[in-house]
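Those letters in the sequence shown? Residues 906 to 1262, by the working numbering. Some notes on the structure that comes next.
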Amino acid sequence: MDVTRKVILSAKDVEVKFRVRGNYLTAIRGVSLDLYEGETFAIVGESGSGKSVFTKTFTGMLETNGTISGGSVMFHDKDLTKLKKDKDWEGIRGAKISTIFQDPMTSLNPIRTIGSQITEVIEKHQGISKAEAKQQAIDMMERVGIPNAADRFNEYPFQYSGGMRQRIVIAIALSCHPEILICDEPTTALDVTIQAQIITLIRDLQKELKFTTLYITHDLGVVANVADRVGVMYGGQIVEYGTVEEIFFDPRHPYTWALLSSLPQLGVKGEDLYYITGTPPSLYNKIQGDAFAPRNEHALKIDFEEEPPFFKVTDTHYAKTWLMDPRAPKLEKPEVIRDLHEKIRKMTDEGGAFHVG
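Have a look at this one:
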């Protein structure tokens, strides 16, 4: 990844709190991230790690009991954390930053035609006539691979398959040519063959339309196939980030080791698959030290006492773990993810779809 590329969005020390039954839960704890123009960045981590909550701060879509309690999100010259009302977001949400969600059935209105749902967005953000909006909608439907788009313009979501509905969700998200497309688990509800088609479609459209893509996923196979850079989230923080090659082939945080060790593709016949023991931390309580320490078999005493800083691995690779401190004992990463490059190459040669970069 060329770090000299233009930064299109810059989040700094973002903190998000939710009020739940009279208590406050800190879901995002001081997260910073720069997105570069034209790149594909993937945020990966277990459910509840904060992936979706963090990116909702880019579109003003936090739940009503959530507030951004610290930090900034700069998009061009505008701090998105200062936008409070829906009206303030009109020129950003959908127009400049769009989101694809994981379940197309909940993203589409079942009692409105497909065409009307696309044209509504185009008319709202572009201020053009109904006839022009309809033609743009049909063009976008064709672009995302809907056959006989003009004939299917007036059909309803139930008349489309799951994969076709997700293509329509993509068409809606891209109808105003946004600068950033957030893909929140966009293939989770689809079967494997359709997943591959949707991922390829998004990648091809990105090349054509020149937008930046931000993937949110727990699927490392998807990450390996689409990402330029990766951020690993745990306990409301990014704990490691780097190029996709650095994260897969030279991971430094024990949580990243654990995620990679959990890849089903690395399973050995007759042996149990690796899994991460324990549970994620409660975010109602103030976390002391490294949030992953209670689940980390390599944890040091300081991990339970003091939060680690980011340690530099390369100009593009940083890890938030005390194991990177020069005083820490030198540990080998787990056996299962050693020589991962060779293992992935072998899986690819044997006909798998799994590859990095």
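Idealized CB from N, CA, C, for every residue including glycine. Because the structure is a prediction, the values reported are computed rather than measured.
In this structure, K1225 and E1145 form a Cβ contact; the two beta carbons are roughly 7 Å apart against a cut-off of 8 Å. Excluding the 5 residues flanking it on each side, I1143 has same chain C-beta neighbours closer than 8 Å at V936, S937, L938, I948, G1136, V1137 and K1225, in chain order. Distance from the CA atom of T960 to the CA atom of I1087, rounded to whole angstroms, is 8 Å.
In the DSSP assignment, S977 falls within the unbroken beta strand (DSSP E) covering G971 to F980. In the three-state reduction of the DSSP assignment, M966 falls in the coil class.
The region 996 to 1015 and the region 973 to 988 touch, with three or more beta-carbon pairs separated by less than 8 Å.
C-alpha of G1068 to C-alpha of T962: approximately 28 Å in a straight line. In this structure, E944 lies near R1134, with their beta-carbon atoms less than 8 Å apart. I1073 and V1128 have their C-alpha atoms some 23 Å from each other. Between V1241 and Y1179, the CB-CB gap stays under 8 Å. Beta-bridge pairing by DSSP links H1222 to T1219.
A straight line joining the alpha-carbon of T1118 with that of Q1111 spans about 8 Å.
In this structure, T986 and G976 form a Cβ contact; the two beta carbons are roughly 7 Å apart against a cut-off of 8 Å. A direct Cα-Cα distance of roughly 26 Å separates I913 from Q1071.
The continuous stretches of beta strand (DSSP E) do not include A1038, which lies in the alpha helix (DSSP H) extending over residues K1035 to R1048.
Residue K1115 holds the alpha-carbon nearest to the alpha-carbon of Y941 among A1042, K1115, S1012 and P1062. Under the 10 Å beta carbon count, G1147 is surrounded by 16 or more other beta carbons and is classified as buried. DSSP places Q1142 outside any alpha helix (DSSP H); the residue lies instead in the beta strand (DSSP E), whose first and last residues are Q1142 to T1148. The beta-carbon separation of H1203 and L1236, rounded to 6 Å, stays under the 8 Å limit for a contact. Judged by DSSP in its simplified three-state form, K911 adopts coil rather than helix or strand. Between the alpha carbons of K1191 and L930 lies a distance of about 9 Å.
Annotated as distal: Q1040 and T1093, with beta-carbon spacing of 8 Å or more. Nearest in C-alpha terms to L1168, of all of F1153, I1005 and F923, is F1153. Collapsing the DSSP output to three states places E920 in a strand. Residue pairing of I1087 in beta bridges, as defined by DSSP: T1004 and L1119. Taking a C-beta distance under 8 Å as the contact criterion, R1157 and G1183 do not qualify as a contact pair.
Check the Cα spacing between A1038 and each of S1021, L1188 and H1123: the tightest is with S1021.
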